[in-house]
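Participant:
Protein chains: 2
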Amino acid sequence: MESIDKKNVSPLEKLSKRDTIKLRKKHIGASVTLFFKKNPIKIVRGEGQYMYDEKDEQYLDCINNVAHVGHCHPHVVKAAAEQMGQIYTNSRYLHDNIVIYAKRLTEYFPKELSICYFVNSGSEANDLALRLARCHTKQKDVISIDGAYHGHLTSTIDMSSYKFTKINGGKKKKWVHVAPLPCSYRGRYTLDDYSADEIGKLYADEVHTLIKNAKVAGRSIAAFIGESMISCGGQVLLPKDYLKNVYKYVRDAGGVCIADEVQVGFGRVGKMWAFETQGVIPDIVTIGKPMGNGHPVACVVTTQEISKSFERIGTEYFNTYGGNPVSLAVANAVLDVIENERLSEHAVQVGESMMKDLYQLKDKYSVIGDVRGMGLFIGIELVTSRVTKEPATMLAEYVVSKFKEQRILMSTEGKYGNVLKFKPPMVFNHENAKHLLEKLDEILQEVSNSVQARTSSLSSIQSTDSVNFESFSSDSLSDESDSLISE
Amino acid sequence: MESIDKKNVSPLEKLSKRDTIKLRKKHIGASVTLFFKKNPIKIVRGEGQYMYDEKDEQYLDCINNVAHVGHCHPHVVKAAAEQMGQIYTNSRYLHDNIVIYAKRLTEYFPKELSICYFVNSGSEANDLALRLARCHTKQKDVISIDGAYHGHLTSTIDMSSYKFTKINGGKKKKWVHVAPLPCSYRGRYTLDDYSADEIGKLYADEVHTLIKNAKVAGRSIAAFIGESMISCGGQVLLPKDYLKNVYKYVRDAGGVCIADEVQVGFGRVGKMWAFETQGVIPDIVTIGKPMGNGHPVACVVTTQEISKSFERIGTEYFNTYGGNPVSLAVANAVLDVIENERLSEHAVQVGESMMKDLYQLKDKYSVIGDVRGMGLFIGIELVTSRVTKEPATMLAEYVVSKFKEQRILMSTEGKYGNVLKFKPPMVFNHENAKHLLEKLDEILQEVSNSVQARTSSLSSIQSTDSVNFESFSSDSLSDESDSLISE
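Chains as they are written, first to last, in the numbering used here: chain A, 1 to 487; chain B, 1001 to 1487.
#1: Which word fits histidine 177/A, buried or exposed, when buried means at least 16 other C-beta atoms lie within 10 angstroms of its C-beta?
#2: From the DSSP output, in three-state form, read off alanine 214/A for me.
#3: Is the Cβ of isoleucine 1167/B closer than 8 angstroms to any Cβ of chain A?
#4: Using only CA atoms, which one of Thr1320/B, Asp1096/B, Cys1116/B and Tyr1052/B lies nearest to tyrosine 88/A?
#5: Quick test of your reading: isoleucine 1230/B and glycine 1147/B, contact by CB under 8 angstroms. State the CB separation rounded to the nearest angstrom.
#6: Answer with buried or exposed for glycine 1169/B, where buried requires no fewer than 16 other C-beta atoms within 10 angstroms of its C-beta.
#7: Thinking C-beta only, is phenylalanine 109/A closer than 8 angstroms to valine 297/A?
#8: Starting from phenylalanine 164/A, trace the alpha helix (DSSP H) in both directions and tell me its first and last residue.
#9: Am I right that arginine 268/A and leucine 376/A are in contact with their C-beta atoms under 8 angstroms? What's the rounded C-beta distance?
#10: Would you mind reading off the limits of the alpha helix (DSSP H) that contains phenylalanine 310/A?
#11: Helix, strand or coil for valine 367/A? Go by DSSP, reduced to three states.
#12: Name the one or two DSSP bridge partners that glutamate 1227/B has.
#13: Can you name the residues that DSSP bridges to proline 1074/B?
#14: Look at the Cβ atom of alanine 102/A, then the Cβ atom of leucine 1395/B, and state whether they are nearer than 8 angstroms.
#15: If you follow the beta strand (DSSP E) that isoleucine 1281/B is in, where does it begin and where does it stop?
#16: What are the residues that DSSP puts in a beta bridge with glycine 1048/B?
#17: Is it buried or exposed, glutamine 1049/B, if we count other Cβ atoms within 10 angstroms and call 16 or more buried?
#18: Is there at least one Cβ from chain A nearer than 8 angstroms to threonine 1137/B's Cβ?
#19: Use the C-beta contact count for asparagine 1039/B: other C-beta atoms within 10 angstroms, 16 or more gives buried, fewer gives exposed.
#20: Can you pull the chain A residues whose beta carbon is under 7 angstroms from the beta carbon of glycine 1046/B, in chain order?
#21: My guess is that tyrosine 233/A and glycine 414/A are in contact by the Cβ rule of under 8 angstroms, so how many angstroms apart are they, rounded?
#22: Could you name each continuous beta strand (DSSP E) segment of 3 residues or more that falls completely within the stretch 1011-1057 of chain B, going from the start of the chain to the end?
#23: Can you list the beta strand (DSSP E) stretches of 3 or more residues lying completely in the stretch 1367-1431 of chain B, in chain order?
#24: Kindly say whether threonine 1286/B, judged by its beta-carbon, lies nearer than 8 angstroms to any beta-carbon of chain A.
#25: Counting contacts by CB-CB distance shorter than 8 angstroms, is valine 1099/B in contact with chain A?
#26: I'd like to know whether the C-beta of alanine 223/A is nearer than 8 angstroms to at least one C-beta of chain B.
#27: Compute the distance between the beta-carbons of leucine 1444/B and aspartate 1357/B, then report whether it is under 8 angstroms.
#28: From alanine 1217/B to aspartate 1158/B, what distance separates their C-alpha atoms?
#29: Taking only beta-carbon positions, decide if proline 1296/B is within less than 8 angstroms of chain A.
#30: Residues of chain B with CB under 8 angstroms from isoleucine 313/A, in chain order?
#31: Secondary structure at isoleucine 515/A, three-state DSSP: helix, strand or coil?
#32: Can the beta-carbon of serine 1031/B be found closer than 8 angstroms to that of glutamate 311/A?
#33: Closer than 8 angstroms by beta-carbon distance: list the chain A residues that pair up with serine 1195/B, in chain order.
#34: Which partner residues does serine 144/A have in the DSSP bridge list?
#35: At what residues does the beta strand (DSSP E) containing cysteine 1116/B begin and finish?
#36: Looking only at its chain, what residues have a beta carbon closer than 7 angstroms to the beta carbon of histidine 1430/B, apart from the 5 residues adjacent to it on each side?
Encoded structure:
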């Protein structure tokens, strides 16, 4: 291995950080972006809710929902290593791991959802969900939510306005219908004008309108796909009765309902699946990220009826790695830990306590426009004005960069990149929460002081409704101006 | 774990085989098929070119090209287990494994192909290749080969006539143009009528015609995608100069050329990549299966120029597991073994020796219509008549079922399922080859005797040109009538 820089290689590295960056620039597609592009982090090990760089500096991980039961959980590592030494082959041979997991998994679902298809990624799962829906309904179109992200494939990008709107020349496909983001804070129907009981139905009616318009245009809906809590769209909790009404409209139109639980499933929000908080039963559920704690494994869960439609048209579904014994050993081990360590209950306790503290911070700083969350799924929306709700995008980026200095990994979400996203490994504890909130308080206090000083007046960030945060752009963020775009 | 059948659980199992089957029927989509549906095999461990069932019966694996360096190779298992205990996170953080592998990998390619995108499966790789091609050319259509298989996703199935023609109501999409399978044995241009030097150009001219017709219809070609040796299409070697001419036509039309090396790459055919046997340099190469020896990892390799086009439109390509440190630890370890054990040279030696012996068997049995191969990629095409070349599909299935009785795992390929496919782990050795060919000889001899006896005449399988193999259908295959459909 040629390396110019041999003296700066720590015992935890094979290459110096400089050489790693150099080779990455040379050989990895530039579209594959790094966190903190201008000064990226090199991570060499992880444990629980912590990651460590090449200098063994500890970072508190507040964003990696994939490392669900904690980075490198020994029970999961052991299960994977043992199975890897036994057999690592495809699902055309019988194996116990796949059926044991399928049985355990489906016990967490309403009885209708009894059939599993194992795949390698959430993207593959959502693509297969689309195939199943189209096959079952013999219809083609899809309704997805504005700001949604459902995967990196041709088909799933077409369904993800979060993606296709960001690609130059990216156009919405005719078979895709984009429903407004059902946010109660920002959007067409908010708590400013409506009661919490009305909003869900009003946003669902927008979906109804899309269905009717599609029909007029001679089109028909195969599926509605939506996260049961919206992640990339801005950590948005669905309003009461939203899915209940949407599912009814979609089913009346002959479509099926897909719940994308790839980011929010496996107990994060206090229920095993986020759709449970909406009192609905989807026809197809996709799960992924937390399922393998880092290992590429995902799954589509559906009904016997939909599965039979797929079989009936003569499909042979083969996925080289889908359902292999190692992926399922990992998935079984992850489920063990979720159960044994009561991680969902833990998430509720830590999350509820955090929400209380965040409401206090909201009272203190007017830049916090909204705080929303459930369990260890929390969004903190920053605004320059509580009246206009203008997104404080630069400030959010600044906060993230200040967190990085404090060795806390945070990130932003939402159409305007102004929502601080909190979605940590589920072992994130009360002490971590306390630390995080203290630092957030400090950062916002510093911002507040700085604004006060600069405006040279008594109208502070704490008492005015509108503040200019342009000052936090090119200056403060000179080295960290790239936001953490995450999915 | 509820289990009715506790007494039949071997020490290597968690469930009895009966319970495994029962749970599989209950919870796994029926479209996910098993080898030998009616009497499937339960595999509990693997080592080198062997797999073992729950009774510790040894099977010789002649079909699993994924277990490239041998099932559960200790060097690979060790590398994976170690990395899994350190860090298993996404490629937004710097890590040495990804860049070291990218450097090593691209050294095996012509210098133009210097950029890597890591994904989880061959399907994801081919989908990304399609995205790259469309983005770079700003054109939409794709030419693929009849009988091709490029993956299980919506987009890749559309490009795979092997798949979409088998789905009831499955129609070719307008953006897909299917070129004839360039087979020198069966098809439009064969060695019966043309010289080996002419065939490649003639089949390439068919692609040229497709391009011209597309143009007349107002369509334009983004890409030609083709395996550099055709796997599912029937273990077909491309005729001389085929890709050279096809690539020229495609590039003249503004398209790019994608070589799908997911099944045939990594030294199997004596060259690292099968496209090298055609003297061409593709614009995009997809690799997968052997890359991780069972672990879900795949890659798209392309040029700086195409990568830049992708970046230019504003793409941020994020793949949750793509390029993670564990997948790349595995890929690096696989590459170590390929290099250290000189597996490609080994493949050539064993393969050449097998081809010689297979030509002898072809002289002996007229049911062998064609034998073709390179390295450890071999196809044996069975026919009922050498004159009409009618596919001996039932016979091929019968041979596979007889092999199973002998604890040899073989499978069939091709549009008619009459091609015995040989694509074993690369550690398959001379002794294994001798055993396999002895058994094939025995099976064909038995078939020959049986036909002779039944026709009660001296016109035997060895001397006539046409034999009726219907007798090998429902009777002989009562328990094994399902062929091994493989991808």
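Glycine is no exception: its CB is placed at the ideal position from the N, C-alpha and C atoms.
Facilitator: In short:
#1: To locate residue 177/A, count along the first sequence from 1; it is residue 177. Classification of histidine 177/A: buried, given that the 10 Å Cβ count is 16 or more.
#2: Within the first sequence, the letter at position 214 stands for residue 214/A. In this structure, alanine 214/A counts as helix in the three-state DSSP scheme.
#3: In the second sequence, residue 1167/B corresponds to position 167, counting from 1. With 8 angstroms as the cut-off, isoleucine 1167/B counts as an interface residue toward chain A.
#4: As a working mapping, residue 88/A is identified with position 88 in the first sequence. For the residues Thr1320/B, Asp1096/B, Cys1116/B and Tyr1052/B, the minimum Cα distance to tyrosine 88/A belongs to Tyr1052/B.
#5: What you label residue 1230/B is simply residue 230 of the second sequence in a count that begins at 1. What you label residue 1147/B is simply residue 147 of the second sequence in a count that begins at 1. Indeed, because the Cβ distance is near 7 angstroms, the residues count as touching under 8 angstroms.
#6: Taking the first residue of the second sequence as 1, we reach residue 1169/B at position 169. Exposed, because fewer than 16 other Cβ atoms sit within 10 Å of the Cβ of glycine 1169/B.
#7: As a position in the first sequence, residue 297/A is number 297, starting the count at 1. As a position in the first sequence, residue 109/A is number 109, starting the count at 1. No, they are not a contact pair.
#8: Taking the first sequence and counting its residues from 1, one reaches residue 164/A at position 164. Residues 161-164.
#9: Here residue 268/A is taken as the residue at index 268 of the first sequence, counted from 1. Here residue 376/A is taken as the residue at index 376 of the first sequence, counted from 1. Arginine 268/A to leucine 376/A, Cβ: 5 angstroms. Contact.
#10: The residue labelled residue 310/A in the question sits at position 310 within the first sequence. Looking at the DSSP string, the run of the alpha helix (DSSP H) that includes phenylalanine 310/A is 304-312.
#11: The residue you call residue 367/A lines up with position 367 of the first sequence. It is coil, neither helix nor strand.
#12: By one-based count along the second sequence, residue 1227/B stands at place 227. Note: glutamate 1227/B sits in a beta bridge opposite Asp1260/B.
#13: Here the question's residue 1074/B lines up with position 74 in the second sequence. Per DSSP, none; premise fails for proline 1074/B.
#14: Along the first sequence, read from residue 1 onward, the residue named residue 102/A stands at position 102. Along the second sequence, read from residue 1 onward, the residue named residue 1395/B stands at position 395. Cβ atoms of alanine 102/A and leucine 1395/B: not closer than 8 angstroms.
#15: Taking the second sequence and counting its residues from 1, one reaches residue 1281/B at position 281. Element bounds for isoleucine 1281/B: n/a, residue is neither H nor E.
#16: As a position in the second sequence, residue 1048/B is number 48, starting the count at 1. BP columns for glycine 1048/B point to His1071/B.
#17: Looking up residue 1049/B in the second sequence gives position 49. Glutamine 1049/B should be labelled buried.
#18: As a working mapping, residue 1137/B is identified with position 137 in the second sequence. So no, threonine 1137/B is outside the interface.
#19: The count along the second sequence starts at 1 and reaches residue 1039/B at position 39. When all chains shown are included, asparagine 1039/B counts as exposed.
#20: Taking the first residue of the second sequence as 1, we reach residue 1046/B at position 46. Neighbours of glycine 1046/B on chain A, chain order: Ile87 and Thr89.
#21: In the first sequence, the residue the question calls residue 233/A occupies position 233. In the first sequence, the residue the question calls residue 414/A occupies position 414. The amino acid occupying residue 233/A in the given sequence is glycine; tyrosine does not appear at that position. Right, their Cβ atoms sit about 7 angstroms apart.
#22: 1043-1047 and 1050-1053
#23: 1368-1374, 1377-1382, 1411-1413 and 1419-1422
#24: The count along the second sequence starts at 1 and reaches residue 1286/B at position 286. By this cut-off, threonine 1286/B is not an interface position.
#25: As a first step, residue 1099/B is located in the second sequence; it is residue number 99 there, counting from the start. Valine 1099/B counts as touching chain A.
#26: Working through the first sequence from its first residue, we reach residue 223/A at position 223. Alanine 223/A does not count as touching chain B.
#27: In the second sequence, the residue the question calls residue 1444/B occupies position 444. In the second sequence, the residue the question calls residue 1357/B occupies position 357. No, they are not a contact pair.
#28: Mapped onto the second sequence, residue 1217/B falls at position 217. Mapped onto the second sequence, residue 1158/B falls at position 158. Alanine 1217/B and aspartate 1158/B: Cα-Cα distance of roughly 19 angstroms.
#29: Taking the second sequence and counting its residues from 1, the one referred to as residue 1296/B is at position 296. Yes, proline 1296/B counts as interfacial toward chain A.
#30: Along the first sequence, one-based indexing puts residue 313/A at 313. Here the neighbours are Ile1167, Asn1168, Gly1169 and Gly1170.
#31: There is no way to answer for residue 515/A, as the model of chain A reaches only from 1 to 487.
#32: For the purposes of this step, residue 1031/B is identified with residue 31 of the second sequence, where counting begins at 1. For the purposes of this step, residue 311/A is identified with residue 311 of the first sequence, where counting begins at 1. Yes, they are a contact pair.
#33: Position 195 of the second sequence, counting from 1, holds the residue named residue 1195/B. By Cβ distance, chain A contributes nothing, its closest Cβ being about 38 angstroms from serine 1195/B, past 8 angstroms.
#34: Translated into positions along the first sequence, residue 144/A becomes position 144. Serine 144/A pairs with Val178/A.
#35: Looking up residue 1116/B in the second sequence gives position 116. First-last of the beta strand (DSSP E) with cysteine 1116/B: 1113-1119.
#36: Residue 1430/B sits at position 430 when you count from the first residue of the second sequence. If we look at histidine 1430/B and ignore the five residues flanking it on each side, its Cβ neighbours are Val1350 and Ser1353.
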